[in-house]
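A.B. asks: With our numbering as the guide, the letters of the sequence shown map in order to residues 3 to 110.
Note that CB positions come from ideal geometry on N, CA and C, so glycine has one too.
Everything numeric in this text was worked out from a predicted model, so none of it was measured.
I have a structure here, written as structure tokens, and I will follow up with some questions on it.
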Amino acid sequence: LGNAMRKRFNHAGIDAFVTPGIGATAARLSDVTVEIDGVRHPMQSIVGRNTGLFDYLGLPAVMAPAGFVDGLPVGVQIVGRPWADDTCLRLAQVLQIVTDVHERRADG
Numbered sequence: 003l004g005n006a007m008r009k010r011f012n013h014a015g016i017d018a019f020v021t022p023g024i025g026a027t028a029a030r031l032s033d034v035t036v037e038i039d040g041v042r043h044p045m046q047s048i049v050g051r052n053t054g055l056f057d058y059l060g061l062p063a064v065m066a067p068a069g070f071v072d073g074l075p076v077g078v079q080i081v082g083r084p085w086a087d088d089t090c091l092r093l094a095q096v097l098q099i100v101t102d103v104h105e106r107r108a109d110g
């Protein structure tokens, strides 16, 4: 599977790509739910929907803060080539260097 994934990255000419973190804002602590397309879902039921695939494929990934929606934090996931954990971590570090999102706090 690793060789197949390397070929796909080579074909695309990329070392990494970015996806939504969990595809929702952070959970509200009052009910530990998140809103997706106007519907509230228990956080635990959706937390792995954008991350599990990369675990299965054996691709390294890191989550990073990306901003706020309706006062709640959202994140992105940086996914790299097989065994390229260092690339993912460096890109997350660059994101923190060029933005201040990681220093801001959610409303309330």
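So is alanine 63 buried or exposed if we call it buried at 16+ other beta carbons inside 10 Å?
C.D. replies: By the 10 Å Cβ count, alanine 63 comes out buried.
A.B. asks: Do the CB positions of asparagine 52 and glycine 82 come within less than 7 Å of each other?
C.D. replies: It is not a contact, given that the beta carbons lie outside the stated cut-off.
A.B. asks: Could you check if proline 67 is buried or exposed, using at least 16 other CB atoms within 10 Å of its CB as the buried criterion?
C.D. replies: Answer is buried; the Cβ neighbour count reaches 16.
A.B. asks: Considering only residues of the same chain and omitting the five flanking positions on each side of isoleucine 16, which have a CB-CB separation below 8 Å?
C.D. replies: Counting only Cβ-Cβ distances below 8 Å, and skipping sequence neighbours, we find nothing.
A.B. asks: Would you mind giving the Cβ-Cβ distance between threonine 27 and glutamine 79, rounded to the nearest angstrom? I have them listed as a contact below 8 Å.
C.D. replies: About 15 Å separates the two Cβ atoms, so there is no contact after all.
A.B. asks: Buried or exposed for valine 36, going by 16 or more other Cβ atoms inside 10 Å?
C.D. replies: Buried.
A.B. asks: Flag this pair as yes or no: are the beta carbons of glycine 69 and valine 103 separated by less than 7 Å?
C.D. replies: For glycine 69 and valine 103, yes; Cβs fall inside 7 Å.
A.B. asks: Taking the beta strand (DSSP E) that arginine 42 belongs to, which residues open and close that run?
C.D. replies: Segment 41-44, the beta strand (DSSP E) holding arginine 42.
A.B. asks: For glycine 54, is the classification buried or exposed, using 16 other Cβ atoms within 10 angstroms of its Cβ as the cut-off for buried?
C.D. replies: Exposed.
A.B. asks: Mind checking which residues open and close the alpha helix (DSSP H) that includes glycine 77?
C.D. replies: Note, glycine 77: premise wrong, no alpha helix (DSSP H); beta strand (DSSP E) at 74-82.
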